[in-house]
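Asker: I'd like to ask some things about the structure below.
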Amino acid sequence: MPRLVLQQPGELCTNAESVPEHLLLRPEDDSELQSVLDWFRDYPVGSLYTEAIRNAIDYVLDGGRTGRFDLLAQDVHPGERASVGAKLEYEVLRVFELPKIRPLDTIISGAPVDIKATVGDNWTIPSEAHCQLCICTQIQLGKNRHRSWLVRTHRSWLYRGKGNNDGKRGLAVDAREKWSVPLYDWQELPVNPLRYLTDEQASLVLAKKPGQVKRLVMMFRFLEGMIIPRNVILTVGAGNDDPMRRARQARDAAAKEGLTLLCGDWVESRDQAAARNITLGPGEWIAVREDSPTESNFQ
Numbered sequence: 059m060p061r062l063v064l065q066q067p068g069e070l071c072t073n074a075e076s077v078p079e080h081l082l083l084r085p086e087d088d089s090e091l092q093s094v095l096d097w098f099r100d101y102p103v104g105s106l107y108t109e110a111i112r113n114a115i116d117y118v119l120d121g122g123r124t125g126r127f128d129l130l131a132q133d134v135h136p137g138e139r140a141s142v143g144a145k146l147e148y149e150v151l152r153v154f155e156l157p158k159i160r161p162l163d164t165i166i167s168g169a170p171v172d173i174k175a176t177v178g179d180n181w182t183i184p185s186e187a188h189c190q191l192c193i194c195t196q197i198q199l200g201k202n203r204h205r206s207w208l209v210r211t212h213r214s215w216l217y218r219g220k221g222n223n224d225g226k227r228g229l230a231v232d233a234r235e236k237w238s239v240p241l242y243d244w245q246e247l248p249v250n251p252l253r254y255l256t257d258e259q260a261s262l263v264l265a266k267k268p269g270q271v272k273r274l275v276m277m278f279r280f281l282e283g284m285i286i287p288r289n290v291i292l293t294v295g296a297g298n299d300d301p302m303r304r305a306r307q308a309r310d311a312a313a314k315e316g317l318t319l320l321c322g323d324w325v326e327s328r329d330q331a332a333a334r335n336i337t338l339g340p341g342e343w344i345a346v347r348e349d350s351p352t353e354s355n356f357q
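Per the numbering used here, residue 59 is the first one in the sequence shown, and the count goes up by one each step.
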């Protein structure tokens, strides 16, 4: 199927219904787009987006209630998978401390900006965002990576037709490749440590029995040397009372197996981890042995 032939910069945009007549501009000639780019230069954009995406995925999986940990698993409905984009909008506002302001998602440097994301190959641009600035994020779950662009989604650069019932249309490939500006290149998306378990190990760790403490010790043994975020503890204890308390109780049982459990919430643990060249953040755990390497297997 041939690519859509697009109008070029310097021509008039076909969108005369909802915005004043205007020219199609190259990114370098779009003063609003350049102002937004300048604003982002003060931030570690890729790292903050990684945090936002990770939180959005954790929210959709709801591991503490469902016990799920893999967005590509068969028990995750495609609609849930697609909803990561909607949740990500709010996470991006949070990590960048941006206000929620209509008619789009926010305002940056005086310019309205819409925040879009997809776990597929394209984005659905709503009618109110036609000819506006959009941050378009692509999340490749199978490759555990993501990237984002800033683009003015001129109607002339969207796929033809009336779109869906909400007037949403996809962004043409050539528009993304020629007239968008990368906010950051591919960034690695951290893998949930539970995905490193074999099927047999996962069935043991996530079983209803034995109790949480024994299953947590099993998990730490299987994932020795890997940093375990708080949401993983909650997933293993899904449907049970106070999994974090059970993780603290697991320290003695793990010690009997020669494992030392360190937690980023405790100064002593952070110091012990730092001595091994391991950085533990709040709520993060790791199981180590006295003769284990000095760096974690999972950052």
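C-beta: ideal position from N, C-alpha, C; glycine also.
1) Using only alpha-carbon positions, find the residue among Asp120, Leu216, Phe154 that is nearest to arginine 227.
2) Which residues bound the beta strand (DSSP E) around arginine 205?
3) For threonine 277, which residues from the same chain have a beta carbon less than 7 Å from its beta carbon, with the 5 sequence-adjacent residues on both sides left out?
4) Considering only their Cβ atoms, is the gap separating histidine 188 from glutamine 245 smaller than 8 Å?
5) Does the separation of the CB atoms of glycine 121 and asparagine 289 fall below 8 Å?
6) Considering Cα atoms alone, identify which of Lys272, Lys266, Pro251, Ala313 is closest to methionine 284.
7) Going by Cα to Cα distance, which pick from Asp243, Thr72, Leu130 is closest to glutamine 196?
8) DSSP three-state label for lysine 174, please.
9) Counting only runs that start and end within the segment 80–159, where is the beta strand (DSSP E) found for 3 or more residues in a row?
10) Less than 8 Å separating the beta-carbons of arginine 126 and leucine 119?
11) Please classify alanine 333: is it buried, with 16 or more other beta-carbons within 10 angstroms of its beta-carbon, or exposed?
12) Report the option in Gly200, Arg210, Tyr107, Ala296 whose CA atom is closest to the CA atom of glutamate 186.
13) Which class does tryptophan 324 belong to by DSSP, given the choice of helix, strand or coil?
14) Would you say the segment 151–170 touches the segment 130–137, given that touching needs at least three Cβ pairs under 8 Å?
15) I believe leucine 320 touches glutamine 330 by the beta-carbon criterion, under 8 Å. Please report the beta-carbon distance rounded to the nearest angstrom.
16) Alpha carbon to alpha carbon, what distance is there between tyrosine 117 and leucine 91?
17) Using DSSP bridges, identify the partner residues of tyrosine 242.
18) For glutamate 149, which residues in the same chain have their Cβ closer than 6 Å to its Cβ, ignoring the five residues on either side in sequence?
19) Thinking just about the alpha-carbon of each residue, which of Gly143, Arg328, His212 is nearest to the one in alanine 230?
20) Could you tell me the boundaries of the beta strand (DSSP E) in which isoleucine 291 lies?
21) Applying the criterion that 16 or more other CB atoms from any shown protein chain within 10 Å of the CB defines a buried residue, is threonine 256 buried or exposed?
22) Where do the ends of the beta strand (DSSP E) carrying glutamine 259 lie?
23) Could you name the residues that DSSP lists as bridge partners for glycine 228?
24) How many Å lie between valine 325 and leucine 81 at the Cα?
25) Can you confirm whether arginine 227, when its beta carbon is compared against all beta carbons of chain C, has any partner nearer than 8 Å?
26) In the DSSP assignment, what residue or residues form a beta bridge with glutamine 196?
27) Quick test of your reading: leucine 208 and serine 238, contact by CB under 8 Å. State the CB separation rounded to the nearest angstrom.
28) If you reduce the DSSP assignment to three classes, tell me which class valine 346 lands in.
29) By Cβ distance, which residues of its chain are closer than 8 Å to arginine 347, with the 5 residues on each side in sequence left out?
30) In this structure, does DSSP put leucine 64 in helix, strand or coil?
31) Buried or exposed: asparagine 222, going by 16 or more other Cβ atoms within 10 Å of its Cβ?
Answerer: On the basis of the coordinates in this document:
1) Ranking Asp120, Leu216, Phe154 by Cα distance to arginine 227 puts Leu216 first.
2) Annotation: the continuous beta strand (DSSP E) that includes arginine 205 extends over 203–210.
3) Note on residue identity: the sequence assigns methionine, not threonine, to residue 277. The beta carbon of methionine 277 lies closer than 7 Å to those of Val263, Val294 in the same chain, with the five residues before and after it left out.
4) No. Outside cutoff.
5) Contact flag set, yes.
6) For methionine 284, the nearest C-alpha among the options comes from Pro251.
7) Glutamine 196 has its Cα closest to that of Asp243, out of Asp243, Thr72, Leu130.
8) Strand at lysine 174.
9) Entirely contained in the segment 80–159, not one beta strand (DSSP E) run reaches 3 residues.
10) Contact flag set, yes.
11) Counting the other CB atoms within 10 Å of its CB gives alanine 333 a total below 16, which places it among the exposed residues.
12) That would be Arg210, whose Cα lies nearest to the Cα of glutamate 186.
13) Tryptophan 324 falls in the coil class under three-state DSSP.
14) Output reads no: the segment 130–137 does not touch the segment 151–170.
15) The beta-carbon distance between leucine 320 and glutamine 330, rounded to whole angstroms, is 6 Å. This is short enough to meet the 8 Å contact definition.
16) Looking at the two C-alpha atoms, the distance is approximately 31 Å.
17) BP columns for tyrosine 242 point to Ser206.
18) Excluding five sequence positions before and after glutamate 149, the CB atoms of its chain that fall closer than 6 Å to its own CB belong to Ala110, Asn113, Ala114, given in chain order.
19) Between alanine 230 and the set Gly143, Arg328, His212, the nearest pair of CA atoms involves His212.
20) That residue, isoleucine 291, is in no beta strand (DSSP E); its alpha helix (DSSP H) goes 288–294.
21) Residue environment: threonine 256 is assigned as exposed (fewer than 16 neighbouring CB atoms within 10 Å of its CB, all protein chains considered).
22) Unbroken run through glutamine 259 is the alpha helix (DSSP H), 257–263; no beta strand (DSSP E).
23) When DSSP reads this structure, glycine 228 sits in a beta bridge with Thr182.
24) Distance between the alpha carbons of valine 325 and leucine 81 is about 58 Å.
25) Note that chain C does not occur in the displayed structure, where there is just one protein chain.
26) As computed with DSSP, glutamine 196 is found in a beta bridge with Thr176, Arg205.
27) The pair is a contact, with the Cβ atoms about 7 Å apart (cut-off 8 Å).
28) Valine 346: strand per DSSP, three-state reduction.
29) So the list reads Glu282, Gly316, Leu317, Thr318, once near-sequence residues are dropped.
30) For leucine 64, the secondary structure class from DSSP, reduced to helix, strand or coil, is coil.
31) With a pLDDT of only 48 at asparagine 222, under 50, the local geometry of the prediction cannot be trusted, and the value read off the model is given with reservation. Classification for asparagine 222: exposed.
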